[in-house]
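Trainee: Residue 1120 in the working numbering sits at position 50 of the sequence shown, with consecutive numbering throughout.
Shown below is the structure under consideration.
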Amino acid sequence: MTSIELKKMRVRQIVASNILIVAAIVIYFVLITVLNITYTQLFLALGVILLCQALIGLLKKDSTNSFISIFKQVAIYEKEKMGAEWKKKQKSEVIWRFLLSSIMFFQSYLHSESKDKMAQMDLIYMLFFAIFVIVLVNISLLFHIRKVDRSNTEEDLKGYTLKTNLKAVIIGIVSGVIMFSITIWYIMSTI
1071 MTSIELKKMR VRQIVASNIL IVAAIVIYFV LITVLNITYT QLFLALGVIL LCQALIGLLK
1131 KDSTNSFISI FKQVAIYEKE KMGAEWKKKQ KSEVIWRFLL SSIMFFQSYL HSESKDKMAQ
1191 MDLIYMLFFA IFVIVLVNIS LLFHIRKVDR SNTEEDLKGY TLKTNLKAVI IGIVSGVIMF
1251 SITIWYIMST I
């Protein structure tokens, strides 16, 4: 693959990823305002979605197939480029989805007594949160693209999945602290 073709593929990947993220956020906002869902229903739905994604990933095994052609093209390229590390990355993603699904089901259980509706959330806060998520996803995607595309051999990517997962945990904790702090500040400023 030439550098021009690679650049076009990566741009299409970023655009497709952002379209999917924005579409998911729009669907989320529509669902919480129109259907007036509870926290329990939200967490249950997220748990089911993540569980389905994990099961699909488990069934796909080493397949590069995808419903969206650009993601299939990226998977083929990355599988060839990363070798064994690509398989580790795929397994890791399945494990993370199972873990997140379990957390969502647990959250659903914890909120099962609550009748609080999601529509009570402040839209400005939710918009800020959505932008925060989009920025975070794009930064991580750009770092991944840079690392994979600049590597010359499979050896350059040895241990990449473990390092990426450790960084993801650290970034997740830091992001959680930031969002928690902003949430507390926002609540205190509106009182």
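Virtual Cβ for every residue (Gly too), placed ideally from N, Cα, C.
Predicted model, so just to flag it, every value in this text is computed and none were measured.
When the Cα atoms are used, what is the spatial distance from I1084 to G1242?
Mentor: Position 14 of the sequence shown, counted from the first residue, corresponds to residue 1084. Position 172 of the sequence shown, counted from the first residue, corresponds to residue 1242. If I take the Cα positions, the gap works out to 21 Å.
Trainee: Quick check: the segment 1146 to 1161 against the segment 1095 to 1102, are at least 3 beta-carbon pairs closer than 8 Å?
Mentor: The segment 1095 to 1102, when compared against the segment 1146 to 1161, does not touch it at the 8 Å Cβ threshold.
Trainee: Check K1187 in the structure and name its three-state DSSP category.
Mentor: Within the sequence shown, residue 1187 is the residue found at index 117, counting from 1. Looking at K1187 - three-state DSSP - the assignment turns out to be strand.
Trainee: Go through its chain and collect everything with a Cβ distance to H1181's Cβ below 8 Å, but skip five positions before and after it.
Mentor: Translated into the one-based positions of the sequence shown, residue 1181 becomes position 111. Correct list, in chain order: T1108, Y1109, T1110 and F1113.
Trainee: Taking DSSP as the reference, what is the three-state secondary structure of T1234?
Mentor: What you label residue 1234 is simply residue 164 of the sequence shown in a count that begins at 1. Helix at T1234.
Trainee: Could you compute how far the alpha carbon of A1115 sits from the alpha carbon of I1201?
Mentor: Your numbering for residue 1115 matches position 45 in the sequence shown. Your numbering for residue 1201 matches position 131 in the sequence shown. A1115 and I1201: Cα-Cα distance of roughly 22 Å.
Trainee: Using three-state DSSP, classify T1108 as helix, strand or coil.
Mentor: Start at 1 with the first residue of the sequence shown, and residue 1108 comes out as number 38. In the structure shown, T1108 sits in a strand (DSSP, three-state: E or B).
Trainee: Tell me the start and end of each unbroken alpha helix (DSSP H) in the segment 1127 to 1184 that is at least 4 residues and wholly inside, in chain order.
Mentor: Within the segment 1127 to 1184, the complete alpha helix (DSSP H) runs of at least 4 residues are 1139 to 1152 and 1154 to 1180.
Trainee: Look at the alpha carbon of L1128 and the alpha carbon of C1122, and state the distance between them as a whole number of angstroms.
Mentor: In the sequence shown, counting from the first residue as 1, residue 1128 sits at position 58. In the sequence shown, counting from the first residue as 1, residue 1122 sits at position 52. Roughly 10 Å separates the two Cα atoms.
Trainee: So, under 8 Å CB-CB, T1260 and S1162 are touching, yes? Tell me the CB distance rounded to an integer number of Å.
Mentor: Indexing the sequence shown from 1 puts residue 1260 at position 190. Indexing the sequence shown from 1 puts residue 1162 at position 92. Not a contact, Cβ separation roughly 40 Å.
Trainee: Hey, A1145 and S1136 are a contact pair by Cβ (cut 8 Å); roughly how many whole angstroms apart?
Mentor: For the purposes of this step, residue 1145 is taken as the residue at position 75 of the sequence shown. For the purposes of this step, residue 1136 is taken as the residue at position 66 of the sequence shown. Contact flag correct, Cβ pair sits at about 6 Å.
Trainee: Would you tell me roughly how many angstroms separate the C-alpha atoms of Y1195 and Y1256, rounded to the nearest one?
Mentor: Taking the sequence shown and counting its residues from 1, one reaches residue 1195 at position 125. Taking the sequence shown and counting its residues from 1, one reaches residue 1256 at position 186. Their backbone Cα atoms lie some 8 Å apart in a straight line.
Trainee: So, under 8 Å CB-CB, L1206 and S1245 are touching, yes? Tell me the CB distance rounded to an integer number of Å.
Mentor: The sequence position of residue 1206 within the sequence shown is 136, counting from 1. The sequence position of residue 1245 within the sequence shown is 175, counting from 1. With 8 Å as the limit, L1206 and S1245 qualify as a contact, their Cβ atoms being about 6 Å apart.
Trainee: Apart from the five residues on each side of it in sequence, which residues of its chain come closer than 8 Å, Cβ to Cβ, to S1217?
Mentor: Here residue 1217 is taken as the residue at index 147 of the sequence shown, counted from 1. Note on identity: in this sequence residue 1217 is Lys, with Ser being the wrong assignment. Within the same chain, K1217 has close Cβ partners L1227 and Y1230.
Trainee: Return the chain-ordered list of same chain residues with a C-beta closer than 6 Å to the C-beta of E1224, the five sequence neighbours on each side being excluded.
Mentor: The residue you call residue 1224 lines up with position 154 of the sequence shown. Counting only Cβ-Cβ distances below 6 Å, and skipping sequence neighbours, we find G1153.
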